[in-house]
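K.L.:
Residue numbers (our numbering), protein chains in the order written: chain A, 153 to 521; chain B, 153 to 521.
1) Sort out for me which residues DSSP pairs residue 424 of chain A with in a bridge.
2) Could you name the residues of the same chain whose beta carbon sits closer than 8 Å to that of residue 459 of chain A, not counting the 5 residues immediately before and after it, in chain order?
3) Compare the C-beta of residue 350 of chain B with all C-beta atoms of chain A and state if any pair is closer than 8 Å.
4) Check the C-beta distance from residue 196 of chain B over to residue 395 of chain B and give it rounded, since I have them as a contact under 8 Å.
5) Which class does residue 326 of chain A belong to by DSSP, given the choice of helix, strand or coil?
6) Consult DSSP for residue 199 of chain B and reduce its assignment to one of helix, strand or coil.
7) Mapping DSSP to helix, strand and coil, what is residue 480 of chain B?
8) Considering residue 304 of chain A, what are the terminal residues of the beta strand (DSSP E) in which it resides?
9) Just the Cα atoms here: how many angstroms apart are residue 505 of chain B and residue 456 of chain B?
10) Please state if the CB of residue 430 of chain A and the CB of residue 495 of chain B are separated by a distance shorter than 8 Å.
11) Grab me the residues of residue 484 of chain B's own chain with a C-beta within less than 6 Å of its C-beta, minus the 5 sequence neighbours each way, in chain order.
12) Are the beta-carbon atoms belonging to residue 479 of chain A and residue 378 of chain B less than 8 Å from one another?
13) Determine whether the beta carbon atoms of residue 327 of chain A and residue 339 of chain A lie at a separation below 8 Å.
14) With 16 as the cutoff for other CB atoms within 10 Å, does residue 163 of chain A come out buried or exposed?
15) In the DSSP assignment, what residue or residues form a beta bridge with residue 501 of chain A?
16) Would you list, in chain order, the members of the stretch 394-423 of chain B that have their beta-carbon closer than 9 Å to a beta-carbon of chain A?
17) Only counting the same chain, and skipping five residues up and downstream in sequence, which positions put a Cβ closer than 8 Å to that of residue 246 of chain A?
18) Quick one: what does DSSP say residue 159 of chain B is sitting in, helix, strand or coil?
19) Terminal residues of the continuous alpha helix (DSSP H) containing residue 445 of chain B?
20) Starting from residue 364 of chain A, follow the alpha helix (DSSP H) in both directions and report where the run begins and ends.
21) Evaluate contact between the stretch 221-228 of chain A and the stretch 236-251 of chain A, counting only Cβ atoms and requiring at least three cross-stretch pairs below 8 Å.
22) What does the Cβ neighbour count give for residue 426 of chain B, buried or exposed, with the cut at 16 atoms within 10 Å?
23) Name, please, each residue of chain A whose Cβ falls closer than 7 Å to the Cβ of residue 288 of chain B.
24) Any C-beta of chain A within less than 7 Å: which residues of the stretch 256-286 of chain B qualify?
25) Are the C-beta atoms of residue 295 of chain B and some chain A residue less than 8 Å apart?
26) Should residue 244 of chain B go down as buried or exposed, given a rule of 16 or more other Cβ atoms within 10 Å for buried?
27) Using 8 Å as the limit for Cβ to Cβ distance, is residue 343 of chain B near chain A?
28) With distances taken between CB atoms, is the gap from residue 441 of chain A to residue 172 of chain A smaller than 8 Å?
29) Against chain A, does residue 222 of chain B count as a neighbour if the rule is that its beta carbon must be under 8 Å from one of theirs?
30) Going by the DSSP bridge assignment, what does residue 452 of chain A pair with across the sheet?
31) Apart from the five residues just before and just after residue 210 of chain A, which ones in its own chain have a Cβ nearer than 6 Å to its Cβ?
32) Ignore the nearest five residues each way along the sequence and tell me which others in residue 421 of chain A's own chain have a CB closer than 8 Å to its CB.
33) Is DSSP giving residue 252 of chain B helix, strand or coil here?
34) Which of helix, strand or coil does DSSP assign to residue 153 of chain B?
35) Excluding the five sequence neighbours on either side, which residues of its own chain have a C-beta within less than 6 Å of the C-beta of residue 516 of chain B, listed in chain order?
36) Is residue 520 of chain B close to chain A? Criterion is C-beta to C-beta, closer than 8 Å.
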C-alpha cells in the first residue's frame, strides 16, 4: 500500500472505503428496521465490486437503469435484477430473453402497451418476463399518471401469457427540489401514499401485486415511510455527493471525491484545477435542499465551491483559499452529482487511511444501451 | 454496409461522414485563405481516426488538452502536438519527457514559474521542452493577465536552458456569450489584437516568438482575423453542435448526433427518450449566440428541443411532435455541447447515406490525466 496523493495522476476518482462500507451498512440497517427489502440502484456506482458488497450486506437484489448494466451485473453473478426503466425494442427484448434464462429473477419497468406487445412476441415459449408498472408521483418523467390508464395497463398485462405483473414502482425525484427536509419528507410520503393506493386499485381488480417499490436518497435519509411499501430502491446513499450532503446537512457520509491538481493561479483569488466537465460533470442543481450552488465542494474546506467548469478546467474564486494553496497541490472535490461523474471514469481508487487499497474497474461505465 | 437505424442499439453516437469531411475541408481552406496554420483541437472528437484526417487535409499539427490524449495521438503517428493547457506535476513532466523523445514537435502551455522550474528539473540533459505562454483575453480562466507578469514569465523562461519559448496563445471562449455574431467577431478580434500585442511586447525584449495561436469555432466561422496571428486552434468545427449551429445560424454543418429511442409517452405532449445525462450531458448554455435553450435539438425537426435530462431519460414536451412520433421510434438528437458528449462513448458509428461505414473507437475517451 502506498500513500495515495503522491502517485495518483489527476484527475482521478477516489472512494473512501470506510465511509462507503458504513453507508452500505447504515442503509441496510435502516431498511431492516422498517421491515422493507433494500434494492440498491447501481446506476450510481456502476461497479460490480460495490453491487456485490451491497448484496453481501443483505440487499434483496439490485436495480439497474439499462440492460447493458444488467448484463454486466449478471455476468458477475448477481441473480436478482430489476431494470427500473422502460425498455423498448425487439433487439433489446432478445437480449432480455437471454438474461432471463441466465439469472433467477429479472424484472423490468413498463408504462405502455407497446412494450407488453413486444415482450409477448419475443418471450413466447420462454419463462415469462416479470414486470412492474411505473407510476408517476410528481417527478414529471416516465410512468402512468391516471387511474384509468393504470388499470387498463394492469389488465392488459394480466391478459398476456408471456408477461407477469409483479408490482408497481415510483420515483419521488421531485423531492430533491423541496425547500426543506420536512417538506421533502412530506412530499415523499405523499408519493408513497399514492403508490400504495395505486397498488390497491390494481389488487381490487383481483390482480395480485407483490411489490411496491419506492425510494430516493434524500427521502429515505429523512425517514420517509408509508405502510404498504415493500421495497426501498435508491442509489446515491452509497457515496453521497454535494447535493445529497446538503439535503441531509451532513458531509461526513460523502465517500467519493475527484482528486485534482492546482495548475494555475492567474489572480489573487482564482485557483484553476485540472478537473473540468470531463472529470466532474457540469451539473448544478439550482433549487431546493439539493441546490449545489456550483460544480463541486472542496473536501474539508470551509465552503469552498467550484464556480465554473470548462471542458478541462475547474475554477475556484476564493481569496483565502488561494492564499492557502499552491500550484502543484492536490485537492479533493466532492462532485455536485455523483452518478454521471462516476460514469466518466474507467476505474476508481479505493482509499483507506490515505492509502490505496485497490483499483476498482467501473465495469458498467458507458453501458447505457 | 447495413441500413443503420435498424440495428444500432440506443443510445449511440452517429457521425455523418460527408458533413464531417466537408467541415474538415472547409476549415482547412478558410485557414489557407487567411495564410495561417490550422491546428485542430482534438478535445472535441478524441479520436485518432479524425485527427489523421485533419492532418491529411493539411493541418500543421494538432492541439490537445491533456497528456493522456497526446500519448494516444503520438502512438497513432501524429508528430506535432501542442498541449494547450498548463501541465503541473513531476510525474506528468516525466511522461512529457518520454513523449518529447518520441515525436518531432511537442509543446505545452505555461502561465507560471512553478511549471518552468519543474520542466527545468525534469528535462535536464534532454531535448528542451518547447512552451507557449497562455495569455488571458477575457475568458476568465487560465493565462497571464498583466503585461508585467507576461514579461516576467517570458524572461524567466528565456533564462532557462531546458525550456524554449516558442510563442503565445489565447482562447476567446468568452465570445460564446456575445449577444450577436457581429459582437462575437468584434470581441474575437479585440482578443486577437491583445494577443498579437502581447507577442510584440515579448519580442521587444529581444526574445523571438514564432507562434501566435488563437481560435474558437464561433469566432473563426464569423470571419474573425487580425494581422500577426500565425495559427488557428479550434475544435468544434469538425462536428458542430446545437450551441455552435446557433452561433452561425446553420444546422447543416452538424455532423454528430445521438441516436435515441422513444420509450414512453406519459401525456399527450411528453415524449421520453432513452438518452439522459449519461448519453447527452446536461449542459445548457444560458446566454449569447450559443444559448441552447435546452439539452439537445431533434435533428430535422421544427425546433423540437429536449427540455430536461435525468441520468437515463431525456424529456421532450411538444404536443405536435408527440402526435407524430410513436413509442419504439428512433430519433437523432444534436447535442447541446459536443465535446463532453463524445467523451461518454467508447465508439461512434460513421454513417454515409443512412448506412454504417464503420465503427470508430473514441480512443482518447477518458484520457484526462
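Ideal Cβ placement from N, Cα and C applies to all residues, glycine included.
P.N.:
Straight from the coordinates:
1) Here residue 424 of chain A refers to the residue found at position 272 when the first chain is read from its first residue. DSSP output for residue 424 of chain A lists A/416, A/467 as bridge partner(s).
2) As a working note, residue 459 of chain A is residue 307 in the first chain. Excluding positions up to five away in sequence, the list reads 446, 447, 467, 468, 469.
3) Here residue 350 of chain B is taken as the residue at index 198 of the second chain, counted from 1. False, the Cβ-Cβ gap to chain A never drops below 8 Å.
4) On the second chain, position 44 is the one that residue 196 of chain B refers to. On the second chain, position 243 is the one that residue 395 of chain B refers to. Not confirmed; about 12 Å, so no contact.
5) Numbered from its first residue, the first chain carries residue 326 of chain A at position 174. Helix at residue 326 of chain A.
6) The residue given as residue 199 of chain B occupies position 47 in the second chain. Coil at residue 199 of chain B, not helix or strand.
7) By 1-based counting over the second chain, the position of residue 480 of chain B is 328. Note: residue 480 of chain B maps to coil in three-state DSSP.
8) Here residue 304 of chain A refers to the residue found at position 152 of the first chain. According to the DSSP assignment, residue 304 of chain A belongs to no beta strand (DSSP E) but to the alpha helix (DSSP H) extending over 299-310.
9) Here residue 505 of chain B corresponds to residue number 353 of the second chain, with the count starting at 1. Here residue 456 of chain B corresponds to residue number 304 of the second chain, with the count starting at 1. Rounded to the nearest angstrom, the two C-alpha atoms are 23 Å apart.
10) Position 343 of the second chain, counted from the first residue, corresponds to residue 495 of chain B. Position 278 of the first chain, counted from the first residue, corresponds to residue 430 of chain A. For residue 495 of chain B and residue 430 of chain A, yes; Cβs fall inside 8 Å.
11) Residue 484 of chain B sits at position 332 when you count from the first residue of the second chain. Here the set comprises 409, 411, 451.
12) To locate residue 479 of chain A, count along the first chain from 1; it is residue 327. To locate residue 378 of chain B, count along the second chain from 1; it is residue 226. Judged by beta-carbon spacing, residue 378 of chain B lies beyond the 8 Å limit of residue 479 of chain A, meaning their Cβ atoms are not closer than that value.
13) The residue given as residue 327 of chain A occupies position 175 in the first chain. The residue given as residue 339 of chain A occupies position 187 in the first chain. Taking 8 Å as the Cβ cut-off, residue 327 of chain A and residue 339 of chain A qualify as a contacting pair.
14) Taking the first chain and counting its residues from 1, one reaches residue 163 of chain A at position 11. Label assigned to residue 163 of chain A: buried.
15) Locating residue 501 of chain A in the first chain gives position 349, where the first residue counts as 1. Paired residue(s): A/166, A/511.
16) 413, 414, 415, 416, 417, 418, 419, 422
17) Counting from 1 along the first chain, the entry for residue 246 of chain A is found at position 94. Counting only Cβ-Cβ distances below 8 Å, and skipping sequence neighbours, we find 274.
18) Position 7 of the second chain holds residue 159 of chain B. Correct three-state label for residue 159 of chain B: helix.
19) Numbered from 1 along the second chain, position 293 holds the residue referred to as residue 445 of chain B. No alpha helix (DSSP H) holds residue 445 of chain B; DSSP gives it neither H nor E.
20) On the first chain, position 212 is the one that residue 364 of chain A refers to. Run containing residue 364 of chain A: none in the alpha helix (DSSP H); it sits in the beta strand (DSSP E), 363-366.
21) yes
22) Counted from its first residue, the second chain places residue 426 of chain B at position 274. It counts as buried.
23) For the purposes of this step, residue 288 of chain B is identified with residue 136 of the second chain, where counting begins at 1. Result: 418.
24) 263, 264, 266
25) Against the second chain, residue 295 of chain B aligns to sequence position 143. Closer than 8 Å: yes.
26) Taking the first residue of the second chain as position 1, residue 244 of chain B is located at position 92. Buried, since its Cβ has 16 or more Cβ neighbours within 10 Å.
27) As a position in the second chain, residue 343 of chain B is number 191, starting the count at 1. Cβ-Cβ to chain A under 8 Å: no for residue 343 of chain B.
28) Here residue 441 of chain A is taken as the residue at index 289 of the first chain, counted from 1. Here residue 172 of chain A is taken as the residue at index 20 of the first chain, counted from 1. No. Outside cutoff.
29) Looking up residue 222 of chain B in the second chain gives position 70. No, no contact with chain A.
30) Residue mapping note: residue 452 of chain A aligns to position 300 of the first chain, counting from 1. Per DSSP, none; premise fails for residue 452 of chain A.
31) Along the first chain, read from residue 1 onward, the residue named residue 210 of chain A stands at position 58. So the qualifying residues of the chain are 180.
32) Here residue 421 of chain A refers to the residue found at position 269 of the first chain. Answer for residue 421 of chain A: 469, 470, 471, 474, listed in chain order.
33) Here the question's residue 252 of chain B lines up with position 100 in the second chain. If DSSP states are grouped into helix, strand and coil, residue 252 of chain B belongs with the helices.
34) Position 1 of the second chain, counted from the first residue, corresponds to residue 153 of chain B. Any reading at residue 153 of chain B must be qualified, since the residue scores a pLDDT of 49, below 50, and its modelled position is unreliable; no value is offered.
35) Counting from one through the second chain, the residue named residue 516 of chain B turns up at place 364. Cβ neighbours of residue 516 of chain B beyond the five flanking positions: 198, 221, 224.
36) One-based indexing of the second chain puts residue 520 of chain B at position 368. Under the Cβ criterion of 8 Å, residue 520 of chain B is counted among the residues facing chain A.
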